[in-house]
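Here the structure comes first, spelled out in C-alpha cells, and everything after it is commentary.
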Amino acid sequence: MVAQSSIRTRIREAQASDQHLQFISSQIASGQQTEFTRDEEGIIFFRGRLCVPQSHPVLQELLQEAHRSRFTIHLGGTRMYRDLRRSYWWNGMKKDIADFVARCLVCQQVKAEHQRPAGLLQRIPIPEWKWDHITMDFVVGLPRTRRGHDAIWVIVDRLTKSAHFLAIRRTDSLDRLADLYCREIIRLHGVPLSIILDRDPRFTPRFAESAAALGTQTASR
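Taking the UniProt record's numbering, I'd label the letters of the sequence shown as residues 1 to 221.
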C-alpha cells in the first residue's frame, strides 16, 4: 500500500492550493460542514478519509503507487478501489481507478497472455465489494398500473443479493432509463465496475458506450 507519511505530506500541500478544498475548509471553520472535518494539521477529511485534490499531480502519484502491490503485482480495479477507499476519498474515485487500470499497459499484456480461449464457459468471480458488480433484468408483461407502469427493472448487487425493483414502462426511452439509473442506483451506491445484462433490446451498444464512459464494463448473458 502507499507510504502513508510521505503521501500524507504531499496531499496536505496539495490541499492548500486547491480552491474547492479551501472553500470546504472555510465552511468547516464556520460550522457549515458536517461530513468534512479538519485535523490539527489542517488536513481535510471526508468521513474520516483523506481528501485528495483531483486536479493535482498527487492523485496520479497515489494511483501509481497503489496499483503496485508489495510484490509488484498490479492490482485490479476492484481490489485497488477497495484498498484506497479505506484511507482516501475524492469525487468520482471509482471511475478514476477503473480508467487508470484500463489504461495500464502491463495489465493489458498480462490479461492478453492469460486470456482463455473464446467460447468456453467461465465462472463469474465473486465480487469483493458491495454494489461494485451488479446484474440487470426486466420483468415485462405485467398489468398496467394507474401511472402506466407495466414492467419492472430489477437491479441486483451480486455480492449481497440486495436489489432495487424499479417500476417502468415498456416504452420508456434509453434516456429515461439512464436518468432513473443515475437517480436510484448511482446516487445511492456509486458507479459499478461491471454490469451483467440480459439480452433485452433496450441494452443497445449505446447503453454499453454510456456505461463505459462512467468506467463500467458490460457483459451479456
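Glycine included, C-beta positions come from ideal geometry on N, C-alpha and C.
query, result
"Beta-carbon proximity list for I7, same chain, < 8 Å, skipping 5 on both sides", "V58, E61, L62, E65"
"Residue-chain proximity (I44, chain B), Cβ-Cβ < 7 Å", "Protein chain content of the structure displayed is limited to a single chain, and chain B is not contained in it."
"Residues near S194 in its chain [Cβ-Cβ closer than 6 Å; skip 5 each side]", "H133, Q217"
"Three-way DSSP call (helix, strand, coil) for L142 in this model", "coil"
"Sub-7 Å separation of L180 and L166 beta-carbons", "yes"
"Local conformation of R38 per DSSP, three classes", "strand"
"Limits of the beta strand (DSSP E) - the one that H56 falls within", "H56 -> no beta strand (DSSP E), and no H or E assigned at all."
"DSSP-derived helix/strand/coil call for F203", "coil"
"R94 burial status per 10 Å Cβ neighbour count (16 or more: buried)", "One detail in the question is off: residue 94 reads as Lys in this sequence, not Arg. Buried is the call here."
"7 Å Cβ cutoff met for E128 and R82", "yes"
"Same chain, Cβ closer than 8 Å to H56, neighbours up to 5 away in sequence not counted", "A14, S17, D18"
"D137 (DSSP reduced to helix, strand or coil)", "strand"
"Alpha helix (DSSP H) segment containing Q22, residue limits", "19-29"
"With 16 other Cβ atoms within 10 Å as the buried cut-off, status of V52", "buried"
"Cβ distance (whole Å) where I152 is taken to contact A163 below 8 Å", "The Cβ separation is near 10 Å, so there is no contact."
"For L193, the three-state DSSP class (helix, strand or coil)", "coil"
"Exposure of T135, with buried meaning 16 or more beta-carbon neighbours within 10 Å", "buried"
"Proximity winner among A219, H189, T145, relative to I168 (alpha-carbon distances)", "T145"
"Terminal residues of the beta strand (DSSP E) in which R49 lies", "49-51"
"Cβ neighbour criterion (16 or more within 10 Å) applied to A213", "exposed"
"Beta-carbon spacing of G190, D99 below 7 Å", "no"
"D175, enclosing beta strand (DSSP E) - first and last residue", "Element bounds for D175: not the beta strand (DSSP E) but the alpha helix (DSSP H), 174-181."
"Between the CA atoms of I186 and T171 - distance to the nearest angstrom", "23 Å"
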